[in-house]
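Chemist: Would you mind keeping the following structure in view while I ask a few things?
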Amino acid sequence: MVNAGLPAALTCQGLGKTFASGNRVIQALDGIDLTVAPGRITGLIGPDGAGKTTLMRLAAGLLRADAGELRVLDLDVSREPLAVQSAIGYMPQRFGLYEDLSVQENLDLYADLQGVLAAERRGRYAELLHMVGLARFTARLAGRLSGGMKQKLGLACTLVRPPRLLLLDEPTVGVDPVSRRELWAIVQRLVREEGVSVLLSTAYLDEAERCDEVILLHQGRLLGQGTPASFSEPLAGRCYLVNAPAISKRRLQMRLAALPAVADAIIQGESVRVVARAAGPLNLSSLDAGPADVEIRPVAPNFEDAFIIRLQGEHDVTTGESPPPPMAATMANDDAAVIRVDRVQRRFGEFYAVKDVSFEVRRGEIFGLLGANGAGKSTTFRMLCGLLPASGGRLEVAGHDLRRAAARARGRIGYMAQRFSLYGNLTVAQNLRFFASAYGLTGQRWRERIRWALDGFDLARHADMASGDLPLGYKQRLAMAAALMHEPDILFLDEPTSGVDPLARREFWHRINLLAEQGVTVLVTTHFMDEANYCDRLVIMADGEVLAQGTPAATKARFRDAERPDPTMEDAFIALIEQRAQTAGEPA
Amino acid sequence: MSARRGGALMRLRGMVRKESLQILRDPSSIAIAFVMPVVLLLLFGYGVSLDARHIPLAMVIERPDANSASFAAAFQQSEYFSPRRFDSIQDAEQALRERQVDGIVWLRGDFSRRLLAAGDAPVGVILNGVDANQARIASGYIQGAWQRWLQTYMAAQGRELTLPVGMEQRVWFNPALRSRNFLVPGLVAVIMTLIGALLTALVVAREWERGTMEALMVTPIRIGELLLGKLLPYFALGMGGMLLSVAMARWQFGVPLNGSFWLLLAASTLFMLVALGMGLLISTVARNQFVAGQIAILVTFLPAFILSGFIFDIGSMPAPIQLITHVVPARYFVAILQTLFLAGDVWPVVLGNAAALLLLLLIFFAVLGRKARKRLE
Amino acid sequence: MPRHILALALKELLALLRDKRSRFVLIGPPIAQLLVFGFAATFDLQNAPIAIYDEDQGAAARELIARFEGSRNFEVVARIDHDAQVAPLIDDRQALLVLRIAPRFSQEILSGGGGGSVQAILDGRNSNTAMLALNYTRSIVTDFNDAWAARHGRSGPPVHLEIRPWYNANLESRWFVVPGIVGLLTLVVTLIVTALSVAREREAGTFDQLLVTPLRPVEILIGKSIPGLLVGLLQGSLIVVVTVYGFGVPLRGSVGALYLGMALFLLSAVGVGLMISSLAVTQQQGLLGAFLFLVPAVILSGFATPIANMPQAVQWLTYLNPLRYFLIVLRGVFLQGNSYALLMDQYWPMALIGLVSLILAGWLFRHRMY
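Chains as they are written, first to last, in the working numbering: chain P, 7 to 594; chain L, 3 to 379; chain A, 3 to 372.
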């Protein structure tokens, strides 16, 4: 260990914390024993509701533990919260930047609050602003920064007095891939050059691999602690990449997932990644994939494999096994375009949020809209749903021109918003009944579709529960059921998996696959680059324009070179953005 | 030790500077502090008046002659009435029913005869009693007009009016009984309550909503410094609103300021602190702006309006409600304001009410000290 | 009505009633205001403190003082015997009025000459209270004079007034204030329910979900106005019941005429609420907008002080205020026993305001949907 002589950054013993919510008691943390080593990056990983944020807040002295002991930098947090707060830096999930103050004023505030002496400030500001790349923007109001820049400013404010322990709560959520890479580079530099200890929670499992050590939490309990490799090692010999050119990768993934020998199957790049239930040769004889044209390649296990297998052991997760929701209508899978976007523009005052965007989506396709925050994908999306009129160009959805027959076009589409957006204080059944009526269903059909939603999405048990109190995964099911109430031809999904844990994401994509198989056209925006591989075709947008358009394979192939023989979607995305920045003649 | 104090000063300076910048950049704070007082003062100064003028009155004179004409003239000359002639009592009653007139003065056909013969002529007066207060005021004015007529009538007859008891009135502090003179000073208390309690509660709730509170709390700032940092800028803002209101009262509405300005300033300082204390107390309970706004209006604004003696006389309220008014800080401040503006430096009133304010201030801040914690739960 | 609009209205109602916060808004403030206004907002003077400065000490003076002591409007808190005591009593607000009876009062009154003189010294800080105290004092003195004249066979003044208030014989100001609360509270509740309804959905993100359904903007607007109407009607009825049975205010006119007025009034309140709703992006703004409408609407309605006392320009402004008309309807029906015919002039302006505001709300809604 590098800093063997230093005390641990954080230790806790028997740490427990409960919250009362209404008349329910939630055990947020339960008997946690752990030690965070100094001078390293420790990742705090776990699905939604695992207790990550609670642990962070306890360590920052913002909550008081119900049980156990918590020491940060050898100080008892419950006794000396101010001393702890003078020695640590903490960046909450939604960092509290004052949006009506400028970058410089935000820094000044935190320098004052942290007691940074005037003499030290100049040097520290210069260093921090250079590090986070905001030196040119000191006079800009924080509210006018992009999402990634805000996050970097938040980090700079946290670091204005060099902390000995840095607590970062999901610092990369909602941040585009480019900014995500930059944030990680900053954190790694801090550890390397300033010897800071970092405790970082994240929902991105690929980020876990970049940590020196990982703490795995689940429902308030500690599942394990160790290097990322120590988690994945037990799976050696059970992970494969499977290719079957004869059938689509989505169909292959569905069939693989249904096999009893397979514990987990997801699309990775152009292949399907499979984790077998047991070590040994993978027997795919029961895979109905035609003439033996199946290619199986063993690969090294990664952290995500380990995470899923580990959590499957915790409770009966039914990835790929939940009954398919029956859709009444199945349509012929012809090549007719059901969405036509032709040189569409959207102006807000002088600012073009979308300029000259054109693409077509064919029936039964899963079509992806990728881009950083502010790229114009949400604006495009809202125009397609009829939520925003276009300033120019032509939009056609299901054969209706949105300018003239918006209401009729809306009858043919289903829409699932980014955040959970059903009526939180209405029960599940009340929500379903309302949407069934709003879509004009009556009588027998009305009853049938509500029954279908309750059964098909396994919601019957929760029918009388306020939908706002549902666990996140169920909320998402309900939102999807409501969007499918009227059996739409086209389904619009806006960032459907943001904030959803990997298990629920798997279930979600399973359902989307089934719908696409039945001929429903799906248009989806996402910032998870690996999910882009589920799409048949996609467009990548930046600054309101389309940068690339085509199949995922073709998009990635453009950036294949000696350095990257097999580029990922994220590589391709970052390369595209950098290319654009170069041609535009200004740094991103 | 001095290094630690230096740190505290630096943290406080940071908070104050931040709050001030936010106030300057947020139009809604400026609006609540400066536009709202002006709007409220104009609305109350011009819109709310208990001084009846030109009360529409039906004059029914069944048989016009010199005596009835001179009686009617007493009403025509008064600025309190705008009389209309009606020929029959039925028409006049119909007009009263239709709300065209607020009262009827009815001289019957035998008015002159009974006046000359028996010296005992009745005059019927019917009032619309729906608005009891206005009816009472109108009845007072009618009696005044009647007495003035009696005097001139008797004088013309060469006789003297001999009532057993003659009453003489002397109204101190506000001889013309202008309602504006008592409404406008009281309004200063309402306005300062709005700025102090509502605005403070809202800005703290906004910090919770936007997640900035969590970032603040994790810095080494002490809870006292945090509260003081919030308090100082809004204190300045509230006093600014107070000065604006006082200036408008003095020069726009011509309300005399008979007491000392410095005493007014001192009392306002005390009340401003109480109002800010209420705002901060609300903010420890309410963590979103909606709830904070509701509570602030319900427990500070409405009582300041109704239970403070600003419009309605506390002494005439039922005993349980009078009891409640004792915990309404505005009650004490309204008493000080009305006294300082209209009466002058009446020390017993000022000191007694200031002592009550001080007591409330201590209670509020003691509770605040117990309730406010640097914790998220 | 089409089924999907009904479903929307039902959803709005459920969302309103299942939410703890909005339940509180519907129940808490109205009850508090009803109690506070009903009991505290009175212009009647009761037990106002007065001091007696009797320089005469004669029998006639004692008789006059006895009348003041017997009045429920006054309470004698002090008796003083020299000039210097007057100022502190008034200054310190210990007495609202000092009744000073001149020396030789009894003597002069008995002599039948120019009459005894009394002086009323008042604290004018609260001009209304002072005015009322003055009026009460004057009527006590007048009664005394009449009684004295009758007893001693003196002729009274050649003309005397016979004052009769209609509709409210005892001139109780509560009869005036409490029916007004019906208008005030239904306005507050209806406005808040409708003004926040769109903003609440915008904030929760459900508004987009609603807009992508085939419901047309007009249908959404109708669906959103029904709960406001229902809640207002229900709350209005409840307060009417409390007014009659709790506060004992007579309901003399036609209940139908009252409800016609209430329906038209609610229509205009819903129209204004939906206008605010279309403009407000956050609930905060909705609340602020409602507040900005409410305060002038209440002050310039004749709720507490008569419109006739306002400057002419402000009086014209009140013609735009629906509460102005509804208050007349309320008081007309409750106290004056009016029926439809006498209230026509109040009905049509409310209907007009309702129509215009609803059309404006529809227009705003369509143009601010995005």
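Ideal Cβ placement from N, Cα and C applies to all residues, glycine included. Model, not experiment: these values are computed from the prediction.
Taking beta-carbon pairs under 7 Å, can you tell me which members of the stretch 246 to 265 of chain L lie near chain A?
Modeler: Residues passing the 7 Å Cβ filter: none.
Chemist: Do Cys217(P) and Gly49(P) come within 8 Å of each other at the CB atom, strictly closer than that value?
Modeler: Cβ atoms of Gly49(P) and Cys217(P): closer than 8 Å.
Chemist: Drop a sphere of 10 angstroms on the beta-carbon of Thr448(P), count the other beta-carbons inside from all chains shown, and report buried for 16 or more, exposed for fewer.
Modeler: It counts as exposed.
Chemist: Listed in chain order, which residues of the stretch 161 to 191 of chain P have Cβ atoms closer than 8 Å to some Cβ of chain A?
Modeler: Taking 8 Å as the Cβ-Cβ cut-off against chain A, none of the residues of the stretch 161 to 191 of chain P qualify.
Chemist: Going by DSSP, what residue range makes up the beta strand (DSSP E) through Gln48(A)?
Modeler: That residue, Gln48(A), is in no beta strand (DSSP E); it is neither H nor E in DSSP.
Chemist: Express the C-alpha separation of Thr527(P) and Pro251(P) in angstroms, rounding to a whole number.
Modeler: Taking the straight line from one Cα to the other gives about 23 Å.
Chemist: Spatial neighbours of Asp348(P) within its chain, please: C-beta separation below 7 Å, excluding the five flanking residues on both sides.
Modeler: So the list reads Ser364, Gly399, Arg400, once near-sequence residues are dropped.
Chemist: Give the DSSP-derived three-state secondary structure of Pro558(P) in the structure shown.
Modeler: Of the three classes helix, strand and coil, the one that applies to Pro558(P) here is helix, per DSSP.
Chemist: Using a threshold of 8 Å, state whether the C-beta atoms of Arg257(P) and Ile273(P) are closer than that.
Modeler: Result no, Cβ atoms of Arg257(P) and Ile273(P) do not sit closer than 8 Å.
Chemist: Do the stretch 258 to 267 of chain L and the stretch 329 to 344 of chain L make contact, defined as three or more Cβ pairs closer than 8 Å?
Modeler: Yes, they touch.
Chemist: Go through its chain and collect everything with a Cβ distance to Ala5(L)'s Cβ below 7 Å, but skip five positions before and after it.
Modeler: The predicted model places Ala5(L) with a pLDDT of 47, which falls under 50 and marks its position as unreliable; any figure quoted below should be read in that light. So no residue of the chain qualifies.
Chemist: Please report the distance separating the alpha-carbon of Thr196(A) from that of Lys13(A).
Modeler: The straight-line gap from Cα to Cα measures roughly 14 Å.
Chemist: Return the chain-ordered ranges of every beta strand (DSSP E) run that is complete within the stretch 60 to 143 of chain P and spans a minimum of 3 residues.
Modeler: Within the stretch 60 to 143 of chain P, the complete beta strand (DSSP E) runs of at least 3 residues are 73 to 78, 94 to 97.
Chemist: Please give the ranges of any beta strand (DSSP E) in the stretch 85 to 140 of chain A, keeping only runs that are unbroken, at least 3 residues long and fully inside the region.
Modeler: Listed in chain order, the complete beta strand (DSSP E) runs (minimum 3 residues) inside the stretch 85 to 140 of chain A are 99 to 103, 118 to 125.
Chemist: When you compare only the Cα positions, how much space is there between Ala132(P) and Ala117(P)?
Modeler: Rounded to the nearest angstrom, the two C-alpha atoms are 13 Å apart.
Chemist: From Gly231(L) to Gly188(L), what distance separates their C-alpha atoms?
Modeler: If I take the Cα positions, the gap works out to 29 Å.
Chemist: Going along chain A, which residues have a C-beta under 8 Å from Arg172(L)?
Modeler: Ordered by position in chain A, the residues that pass the 8 Å Cβ test against Arg172(L) are Gln121, Ala122, Ile123, Leu124.
Chemist: Any beta carbon of chain L sitting closer than 8 Å to that of Glu126(P)?
Modeler: No, its Cβ sits nowhere closer than 8 Å to a Cβ of chain L.
Chemist: Near Met260(P), what residues of its chain come up, given a Cβ to Cβ distance below 6 Å and the 5 sequence neighbours on each side ignored?
Modeler: Taken in chain order, the residues that qualify are Asn519.
Chemist: What are the residues that DSSP puts in a beta bridge with Asn599(P)?
Modeler: Nothing in the structure corresponds to residue 599(P), since chain P is present only between 7 and 594.
Chemist: If Ala199(L) and Gly281(L) are in contact, beta carbons under 8 Å, what's the gap, nearest whole angstrom?
Modeler: That pair is a contact at about 4 Å.
Chemist: Decide if Pro331(P) is buried, meaning its Cβ has at least 16 other Cβ atoms within 10 Å, or exposed.
Modeler: Residue placement at Pro331(P) cannot be trusted, given a pLDDT of 49 that sits under 50; the coordinates are not used to answer.
Chemist: With C-beta atoms as the reference, is Tyr321(A) less than 8 Å away from Val132(L)?
Modeler: Against a cut-off of 8 Å, the Cβ pair of Val132(L) and Tyr321(A) comes out as no contact.
Chemist: Determine, for Arg176(A), whether the minimum Cβ-Cβ distance to residues of chain P falls below 8 Å.
Modeler: Closer than 8 Å: no.
Chemist: Chain L beta carbons: is any one of them nearer than 8 Å to that of Tyr116(P)?
Modeler: Chain L contact via Cβ: present.
Chemist: Return the residue from the list Gln78(L), Phe88(L), Leu43(L) that minimises the CA-CA distance to Glu64(L).
Modeler: If we check each option's Cα against that of Glu64(L), Phe88(L) comes out closest.
Chemist: Any beta carbon of chain L sitting closer than 8 Å to that of Pro351(A)?
Modeler: False, the Cβ-Cβ gap to chain L never drops below 8 Å.
Chemist: With 16 as the cutoff for other CB atoms within 10 Å, does Gly226(L) come out buried or exposed?
Modeler: The residue in question, Gly226(L), is exposed, as its Cβ has fewer than 16 Cβ neighbours within 10 Å.
Chemist: Any heavy atom of the ligand FAD closer than 7 Å to the beta-carbon of Leu109(L)?
Modeler: By its list of ligands, the structure shown contains no ligand whatsoever, and the ligand FAD lies outside what it can speak to.
Chemist: Could you check the C-alpha separation between Leu212(A) and Asp311(P) for me, to the nearest Å?
Modeler: Approximately 39 Å between the Cα atoms of the pair.
Chemist: What is the rounded straight-line gap between the Cα of Gln351(P) and the Cα of Gln287(A)?
Modeler: Those two C-alpha atoms are separated by around 30 Å.
Chemist: Give the residues from the stretch 173 to 188 of chain L that approach chain A closer than 7 Å (Cβ to any Cβ), ordered along the chain.
Modeler: Cβ contacts with chain A: Val173, Trp174, Phe175, Asn176, Pro177, Leu179, Arg180, Ser181, Asn183, Phe184.
Chemist: Anything in the stretch 426 to 441 of chain P with a Cβ closer than 8 Å to a Cβ of chain A? List those residues in chain order, please.
Modeler: Listed by position, the residues of the stretch 426 to 441 of chain P near chain A (Cβ gap below 8 Å) are Phe426, Ser427, Leu428, Tyr429, Gly430, Asn431, Leu432, Gln436, Arg439, Phe440, Phe441.
Chemist: Check each residue of the stretch 66 to 80 of chain P: if its Cβ is closer than 7 Å to any Cβ of chain L, include it; give the result in chain order.
Modeler: Residues Ala66, Leu68, Leu69, Arg70.
Chemist: Give the interface partners of Leu300(L) over in chain P, defined as CB-CB distance under 7 Å, in chain order.
Modeler: Those within 7 Å of Leu300(L) in chain P number zero; the least Cβ separation is about 22 Å.
Chemist: Please identify the residue among Ala469(P), Ala214(P), Ile302(P), Leu172(P) whose C-alpha is closest to the C-alpha of Leu196(P).
Modeler: Comparing Cα positions, the closest option is Leu172(P).
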